[in-house]
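Visitor: Numbering (this note's numbering), first residue to last: 8 to 201. C-beta atoms are modelled at their ideal positions from N, C-alpha and C, and glycine is treated no differently. One structure follows; several queries about it will come next.
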């Protein structure tokens with residue numbers, strides 16, 4: 008028996024001898040929140056002529072649920088390929104979650120964020136300032152986003168399994184580029200020299 012097989016056999020024996028219990032359960036979910044594919048203004052740039060005309064990439068809602076097994080405390084984090092998250096979205100998502108799960112998920116343990124993309128349809132804010140360039144509220148886009156977030160969370164809920172949370176510290180190099188090389192030139196020279 009070579010060394011690798013001996014180590015593997017030892018590890019299997021240890022697994023059988025010791026009870027391994029995860030401290031957490033973790034669930035992941037993803038759902039489409041693309042919305043209307045055409046003839047809706049894009050969110051965030053404030054340009055009334057910036058109208059969607061087809062789909063280049065699907066927009067997604069990604070949910071993570073972490074449950075502390077000892078206290079049964081849960082936390083939901085959702086990030087969305089939308090510009091921003093507004094109160095109307097949060098209120099409607101929370102209402103749908105509570106109708107489905109009771110008080111398991113609510114304002115105190117669900118965080119919903121947008122990644123600040125300007126490449127998705129607008130008209131989902133209930134706020135005139137943001138909806139003016141989309142010529143008002145678009146109920147179909149709003150419903151697509153709300154339902155997509157709820158479905159992503161539901162998928163994460165259904166996929167809960169034992170997991171671990173690990174923390175690391177380090178430096179990421181060559182991992183990101185500015186979206187606009189020209190705009191980056193306006194940063195201080197010390198930033199550009201990094």
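#1: Which residues share a DSSP beta bridge with residue 70?
#2: In whole angstroms, give me the CA-to-CA distance for residue 194 and residue 50.
#3: Give me, in chain order, the residues of the same chain whose beta-carbon lies closer than 8 Å to that of residue 116; leave out the 5 immediate sequence neighbours on both sides.
#4: In angstroms, rounded to a whole number, what distance separates the CA positions of residue 123 and residue 89?
#5: Whose CA, out of 152, 145, 109, 32, lies closest to the CA of residue 67?
#6: Does the stretch 90–99 come close enough to the stretch 143–158 to have 3 or more Cβ pairs within less than 8 Å?
#7: Tell me whether the beta-carbon of residue 60 lies closer than 8 Å to the beta-carbon of residue 130.
#8: Express the C-alpha separation of residue 127 and residue 136 in angstroms, rounding to a whole number.
#9: Quick check on DSSP: helix, strand or coil for residue 170?
#10: Less than 8 Å separating the beta-carbons of residue 69 and residue 159?
#11: Taking C-alpha atoms, which residue in 85, 36, 139, 43 lies nearest to residue 63?
#12: Is the CB-CB distance between residue 216 and residue 156 below 8 Å?
#13: For residue 200, which residues from the same chain have a beta carbon less than 7 Å from its beta carbon, with the 5 sequence-adjacent residues on both sides left out?
#14: Alpha carbon to alpha carbon, how far is residue 86 from residue 190? Give it in angstroms, no decimals.
#15: Taking C-alpha atoms, which residue in 139, 65, 161 lies nearest to residue 109?
#16: Taking 8 Å as the threshold (C-beta atoms), are residue 112 and residue 104 in contact?
#17: Throw me the rounded Cβ distance for the residue 133 and residue 144 pair, which I believe falls under 8 Å.
#18: Select from 119, 37, 139 the residue whose C-alpha is nearest the C-alpha of residue 56.
#19: Going straight from the alpha carbon of residue 31 to that of residue 163, what length do you get?
Guide: Answer, in terms of the structure:
#1: 36, 85
#2: 26 Å
#3: 80, 81, 82, 83
#4: 6 Å
#5: 152
#6: yes
#7: no
#8: 17 Å
#9: strand
#10: yes
#11: 43
#12: The requested residue 216 does not occur in the structure, where the chain is confined to residues 8 to 201.
#13: none
#14: 26 Å
#15: 161
#16: yes
#17: 7 Å
#18: 139
#19: 14 Å
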